[in-house]
Structures are given as C-alpha cells and as structure tokens.
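Q: Just passing along the structure, written as structure tokens.
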C-alpha cells in the first residue's frame with residue numbers, strides 16, 4: 086500500500102518535471118532534462134556557469150492568494166539583488182493548466198547550495214538548477 090506522502094511526491098515530481106520554465110527577457114525556455122544551448126550562451130554572456138530558477142509563489146505547493154504570492158516574490162527579488170545577483174523575471178507554467186503560473190527569478194551565477202538555502206527560506210519543495218553544458222535538473226530541498 087502506497088502512503089500519501091509518496092503519492093503526493095510522485096504527483097509533484099511529475100508536475101515539476103513537466104513544467105515549462107520561461108525567462109521573459111531574453112525569451113528562453115527550459116525543461117527539466119532537456120539541453121538548451123541558448124541558455125548556455127546566455128549564461129556565458131554573463132561570465133557565469135550556473136543558474137538557479139526560484140520562486141516564492143505557493144510555498145510547499147499550496148495555492149496562496151495573489152497578494153501573498155506577489156509580496157513574497159518581491160521580497161525574494163530584493164533579497165537576491167541585495168546579495169549581488171541579477172534577478173531576471175520568468176514564469177513557471179504547467180502545460181496541462183492544472184497548476185497556476187508562478188512568477189520566478191532566473192538567477193545567473195547562483196550556486197546549487199545558495200539556491201537550496203534560498204528555496205528553503207521561502208518554503209519551496211524544489212527549484213531548477215542548471216550548469217553550462219549540463220541538462221537542467223530539478224533539485225528537491227527536503
């Protein structure tokens with residue numbers, strides 16, 4: 086018999102892995118496990134080798150109000166830029182339309198460990214990590 090946590094994890098894992106991760110400017114798209122040379126070129130233009138895609142929307146995958154999400158996303162953007170990183174606006178999209186779109190920060194140069202700490206701080210289950218010439222990965226924080 087499968088326990089509820091395992092079932093929830095599988096559902097979230099599928100949702101996160103199937104999501105489309107969009108950068109708004111420049112227009113770039115990432116999918117977990119799919120190479121994207123354009124993103125590699127973009128990272129190289131910033132003279133960095135890593136990228137984290139983070140959100141403050143819907144902590145622990147529980148849907149919150151727009152006001153709550155926007156407040157915490159603005160806080161995330163401020164914190165990221167105060168640490169000296171660039172925060173480029175993006176959106177996480179569910180191609181099936183089951184989950185709502187979420188605003189994201191594409192953060193060139195942020196390490197996996199920094200991404201994990203930040204995701205934990207904003208009570209996220211996971212985030213996207215990319216290294217140049219390596220497929221984007223879904224990183225679970227717990």
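Residue numbers (the working numbering): 86 to 227. We put the beta carbon where it would ideally sit given N, CA and C, even for glycine.
Pull the bridge partners of residue 215 from the DSSP assignment, please.
A: Within the chain shown, numbered from 1, the residue matching residue 215 stands at position 130. DSSP lists 136 as partners of residue 215.
Q: With 16 as the cutoff for other CB atoms within 10 Å, does residue 200 come out buried or exposed?
A: Position 115 of the chain shown, counting from 1, holds the residue named residue 200. The residue in question, residue 200, is buried, as its Cβ has 16 or more Cβ neighbours within 10 Å.
Q: What residue range is occupied by the uninterrupted alpha helix (DSSP H) comprising residue 203?
A: Working through the chain shown from its first residue, we reach residue 203 at position 118. Counting along the chain, the alpha helix (DSSP H) containing residue 203 begins and ends at 197-206.
Q: Measuring straight from C-alpha to C-alpha, what distance separates residue 86 and residue 95?
A: For the purposes of this step, residue 86 is identified with residue 1 of the chain shown, where counting begins at 1. For the purposes of this step, residue 95 is identified with residue 10 of the chain shown, where counting begins at 1. In this predicted model, residue 86 has a pLDDT of only 36, less than 50, meaning its place in the structure is not dependable enough to derive any value.
Q: Buried or exposed: residue 106, going by 16 or more other Cβ atoms within 10 Å of its Cβ?
A: In the chain shown, the residue the question calls residue 106 occupies position 21. Label assigned to residue 106: buried.
Q: For residue 173, count the other beta carbons within 10 Å of its own beta carbon; 16 or more makes it buried, fewer makes it exposed. Which is it?
A: Residue mapping note: residue 173 aligns to position 88 of the chain shown, counting from 1. Result: buried.
Q: For the structure I just gave you, are there three or more beta carbon pairs, one from the segment 115-124 and one from the segment 153-162, closer than 8 Å?
A: Because the criterion of three Cβ pairs below 8 Å is not met, the segment 115-124 and the segment 153-162 do not touch.
Q: Using only CA atoms, which one of 162, 203, 217 lies nearest to residue 26?
A: Here the chain covers residues 86 to 227 and nothing more, so residue 26 does not appear.
Q: Can you list, in chain order, the residues of its chain whose CB lies under 7 Å from that of residue 177, leaving out five sequence neighbours each side?
A: As a working note, residue 177 is residue 92 in the chain shown. 104, 106, 140, 186, 187, 189, listed in sequence order.
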